[in-house]
Amino acid sequence: MRTTKINLTKKITALAAITTGLVMLGAGCAPPAPSSGSASGSAASGAATWTSAQGAGGMDALVAEAKKEGTLNVIALPPDWANYGAIISAFTTKYGIKIDSAQPDAASQDEINAADQQKGTDRAPDVFDLGQSVALANTAKFAPYQVSTWSTIPDELKDPSGTWVNDYGGYMSIGYNTAKVPAPTGVKDLLKPEYKGKVALNGDPTQAGAAFSGVVMTSLANGGSADDIQPGIDFFSQLKKAGNFLPTDPTAATIESGQTPLVIDWDYLNAGESAKLSTWKVVVPSDALVGGYYYQAVSKDAPHPAAARLWQEFLYSDEGQNLFLGGGARPVRADDMEKAGTIDKAAYAKLPPVTGSTPTILTTDQTKKAADVLSKEWSKATS
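Okay, structure coming up:
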């Protein structure tokens, strides 16, 4: 099968709201106690009602108000996840606005919990970066905002009112250290004796989006489908019985030290390790192609509403999108930027090759069904 530059954008259909679902994005942590401080006075200003830069009086007016606020609160953005460390640094350098990055390794539900617990304080999250289920279950907490590049974002990857917008995406992959393990040719190879104690999954699939999609990937490779992930759960049970499953949550430190020599994770996270570890390689299984995007939103209770909206403008600008690309993630505006000649061609060329045709991307109903099965079966399969 030939290698193709598969277009994630054209493979995702518009999604309806979901009332319950899987917690996405990273390993969970308990949110900190609410601050006793009060929210910024700007939350009550007109900035909280702005639905575009035009509504603010133009970009200059938006920038001026954001600088007046002086701070932006973000949460659950690991520096090595989709290049967020560089993105945060670039935003602060460009606008002189301090970014308070809370709980970098938190999960999506932790973001929502923090917003609920810290509502009305100056520590509450201004913006969210969420997995599908958590995002669509909490749209009432989001403020609609349409960035200046709105028309260049595919319709199927944004809410018409701007309540949420997809920001970056990728494919599930297997990252491995060639100095520690042989190169796997497919998912089923991971059951071989040479992978004993070496197969790690990024998080708990009942809580983390990457791990959830990892189970979907292994299900597809073992006769399952988007409607049936039980084969994936059974596969991890087999890995456990064979002694191959490594119950360690992988991090950059565990990868670079050799503690987790093979990791099932998003391709942009695995690819990010290749830049730091020359023996770290990435493969996207052609027989189990799973794709997905994350969701960006402004909190309707943001204590810094102008800075929150300026952050969105930055993320969806050519500069912000290329920074996502620099972290190995596929930016939502990639197609338009490629046509316009504004995409970072060198970074684009470094994306892990993808073999296949149509990636599997779960609908909200399929996600809910899979989450229900995981909640009942995962602990039994891996305990």
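Residue numbers (mature numbering (1 follows the signal peptide of the UniProt record, and there is no 0)): -29 to -1, 1 to 354.
Ideal Cβ placement from N, Cα and C applies to all residues, glycine included.
Quantities reported herein were computed from a predicted structural model and do not represent experimental measurements.
Please return the same chain residues whose Cβ sits closer than 6 Å to the Cβ of residue i, not counting the five positions on each side in sequence.
i      : result
Leu248 : Glu227
Gly262 : Leu(-22), Tyr142, Pro330, Ile332
Leu43  : Ile68, Ile70, Asp97, His275, Ala278, Trp282
Ile314 : Met308
Phe206 : Thr189, Asn193
Thr177 : Leu345, Ser346, Trp349
Under the three-state reduction of DSSP, which class applies to residue i: helix, strand or coil?
i       : result
Tyr239  : helix
Leu210  : helix
Ala278  : helix
Gly17   : helix
Pro164  : helix
Val45   : strand
Gln80   : helix
Ala316  : In the sequence as presented, Ala is not what sits at residue 316; that position holds Lys. Of the three classes helix, strand and coil, the one that applies to Lys316 here is helix, per DSSP.
Ile68   : coil
Ala10   : In this predicted model, Ala10 has a pLDDT of only 48, less than 50, meaning its place in the structure is not dependable; the value taken from the coordinates is given anyway. Three-state result, Ala10: coil.
Lys252  : strand
Tyr116  : coil
Ala57   : helix
Asn137  : strand
Val158  : helix
Ser346  : helix
Leu172  : strand
Leu(-5) : Because the pLDDT of Leu(-5) is 32, which lies under 50, any placement of that residue in the model is unreliable, and the question is left without a value.
Ala268  : strand
Gly146  : strand
Pro202  : helix
Lys151  : coil
Asp100  : strand
Given residue i, which residues of its chain have a CB within under 7 Å of its CB, disregarding the five upstream and five downstream residues?
i      : result
Pro153 : Glu165
Thr22  : Pro115, Tyr116, Gln117, Gly133
Ser72  : Val45, Leu48, Ile59
Gly291 : Ile58, Phe285
Leu161 : Pro155, Val170, Leu210, Asn215
Is the CB of residue i under 8 Å away from at least one CB in chain B?
i     : result
Asp97 : Included in the structure is just one protein chain, with no chain B present.
Less than 8 Å between the CB atoms is what I'm expecting for residue i and residue j, so what's the real figure, rounded?
i      : j      : result
Val303 : Ile124 : 6 Å
Ala182 : Leu172 : 5 Å
Tyr265 : Asp138 : 6 Å
Ala95  : Asp272 : 6 Å
Ser184 : Thr353 : About 17 Å separates the two Cβ atoms, so there is no contact after all.
Val253 : Ala242 : 5 Å
Ala300 : Ala53  : 4 Å
Ala223 : Asp51  : 5 Å
Thr156 : Thr250 : Not really, about 18 Å apart at Cβ, beyond 8 Å.
Ala61  : Leu294 : 6 Å
With a threshold of 16 other CB atoms inside 10 Å of the CB of residue i, please say whether the residue is buried or exposed.
i           : result
Pro218      : exposed
Lys112      : buried
residue 356 : An answer regarding residue 356 cannot be provided, because it is not within the stretch -29 to 354 covered by the chain.
Asp336      : exposed
Asp307      : buried
Trp121      : exposed
Glu244      : buried
Ala19       : buried
Ser270      : buried
Thr338      : buried
Gly174      : buried
Ala4        : Its pLDDT being 37, under 50, Ala4 is placed unreliably in this model, and the value from its coordinates should be taken loosely. That one is exposed.
Lys169      : buried
Asp198      : exposed
Ala342      : buried
Is residue i near the ligand FMN, in the sense that its beta carbon is under 7 Å from a heavy atom of that ligand?
i     : result
Asp31 : Annotation note on the ligand FMN: not contained in the displayed structure, which lists no ligands.
Keeping to the same chain, check which residues put their C-beta closer than 8 Å to that of residue i; ignore five residues upstream and five downstream.
i           : result
residue 355 : No answer is possible for residue 355: the residues shown for the chain start at -29 and end at 354.
Arg280      : Ala18, Trp21, Ala24, Ala27, Leu33, Ala37, Tyr116, Val269
Gly194      : Pro202
Lys211      : Ala352, Thr353
With three or more beta-carbon pairs closer than 8 Å as the criterion, would you say the stretch 232 to 239 touches the stretch 138 to 147?
With the cut-off at 8 Å, the stretch 232 to 239 and the stretch 138 to 147 touch.
At a cut of 8 Å, does the stretch 316 to 325 reach the stretch 71 to 85 through at least three beta carbon pairs?
Cβ pair count under 8 Å is below three, so no.
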